[in-house]
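For the sequence shown, the positions run 1 to 162 when the UniProt record's numbering is used.
Even glycine gets a Cβ: it sits at the ideal position worked out from N, Cα and C.
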Amino acid sequence: MTFNAGEEWRKKQIRKITDRVFQNVRNQVQTEYLSFEDLYIAVLLVYNDINKIIPGPHFDPPSKETVKQIMQECDMNLDGAIDHDEFCDFIQKMTADTFTVVSQKLIITLVVAPSVAMATKRATEGVPGVGKVVQKLPNAIYASLVTLAVVWFQKMGDEPVI
């Protein structure tokens with residue numbers, strides 16, 4: 001899977017989520033348009049689904065102020081409500097940073113970590129004790145261990161500090 005294919009997959013997933021959430025909220029309020037309150041509920045539902053479906057860290061939904069600001073930008077007919085097309089544009093703007101973070105972490109995890117693993121394996125050759133143990137490990141296993149360590153450190157960085 002190429003980088004563009006992964007980006008397209010994420011966009012399709014977001015579109016599926018967007019369409020489903022809009023229809024569900026629209027059916028609840030029984031109107032073709034979402035008011036600010038309905039829109040914010042829809043945003044919460046979209047982010048809930050993103051966190052369930054899209055791999056990567058947990059993404060907190062935006063604040064009400066942010067939603068209000070982007071709602072004004074996306075309300076093309078200036079009626080104070082959002083229709084389906086405006087909602088799709090709205091969610092694309094809201095989730096643009098989400099794709100960037102996920103893409104960066106995937107690149108680090110899948111490309112950089114194994115490369116660093118192989119470089120560090122070569123660097124340990126001259127280290128007494130450690131070098132012999134590391135050199136006995138097959139490259140694939142060593143790279144996997146280092147990649148798992150990188151993923152673990154990424155997850156630790158995503159968790160709030162208490």
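(message) Tell me the residue span of the alpha helix (DSSP H) that contains Ile82.
(response) Position 82 of the sequence shown, counting from 1, holds the residue named residue 82. Run containing Ile82: none; DSSP gives neither H nor E here.
(message) Does the segment 26–36 come into contact with the segment 79–87, if we say contact requires no fewer than three beta-carbon pairs (one atom in each stretch) closer than 8 Å?
(response) yes
(request) Tell me, to the nearest whole angstrom, how far the beta carbon of Asp49 is from that of Val21; I am working on the premise that it is less than 8 Å. (result) Locating residue 49 in the sequence shown gives position 49, counting from the first residue. Locating residue 21 in the sequence shown gives position 21, counting from the first residue. Contact flag correct, Cβ pair sits at about 7 Å.
(request) Leaving aside the five residues before and after Leu44 along the sequence, list all residues of the same chain whose C-beta is less than 8 Å from its C-beta, in chain order. (result) To locate residue 44, count along the sequence shown from 1; it is residue 44. Correct list, in chain order: Pro61.
(request) Give me the Cα-Cα distance between Ser63 and Val29, rounded to the nearest whole angstrom. (result) The residue given as residue 63 occupies position 63 in the sequence shown. The residue given as residue 29 occupies position 29 in the sequence shown. Roughly 22 Å separates the two Cα atoms.
(request) Consult DSSP for Leu148 and reduce its assignment to one of helix, strand or coil. (result) To locate residue 148, count along the sequence shown from 1; it is residue 148. If DSSP states are grouped into helix, strand and coil, Leu148 belongs with the helices.
(message) According to DSSP, simplified to helix, strand and coil, what is Leu34?
(response) Position 34 of the sequence shown, counting from 1, holds the residue named residue 34. It is a strand residue.
(request) Indicate the three-state DSSP secondary structure (helix, strand or coil) for Phe59 in the structure shown. (result) Counting from one through the sequence shown, the residue named residue 59 turns up at place 59. Three-state result, Phe59: coil.
(request) Please confirm if the segment 117–124 is in contact with the segment 63–75, defined as three or more CB-CB distances below 8 Å between the two stretches. (result) Contact check between the segment 117–124 and the segment 63–75: fewer than three CB pairs, one atom from each, fall below 8 Å, which does not count as touching.
(message) Please tell me whether Val67 and Tyr40 are closer than 7 Å, where the distance is taken between their beta carbons.
(response) To locate residue 67, count along the sequence shown from 1; it is residue 67. To locate residue 40, count along the sequence shown from 1; it is residue 40. Cβ atoms of Val67 and Tyr40: closer than 7 Å.
(request) Give the secondary structure of Ile127 by DSSP, where H, G and I count as helix, E and B as strand, and everything else as coil. (result) Translated into the one-based positions of the sequence shown, residue 127 becomes position 127. The question names Ile, but residue 127 in the sequence shown is Val. Val127 falls in the coil class under three-state DSSP.
(request) Starting from Ile70, follow the alpha helix (DSSP H) in both directions and report where the run begins and ends. (result) Taking the sequence shown and counting its residues from 1, one reaches residue 70 at position 70. Lys64 to Cys74 is the span of the alpha helix (DSSP H), which, as asked, contains Ile70.
(request) Pick helix, strand or coil for Ile50, following the three-state DSSP scheme. (result) As a first step, residue 50 is located in the sequence shown; it is residue number 50 there, counting from the start. Ile50 falls in the helix class under three-state DSSP.
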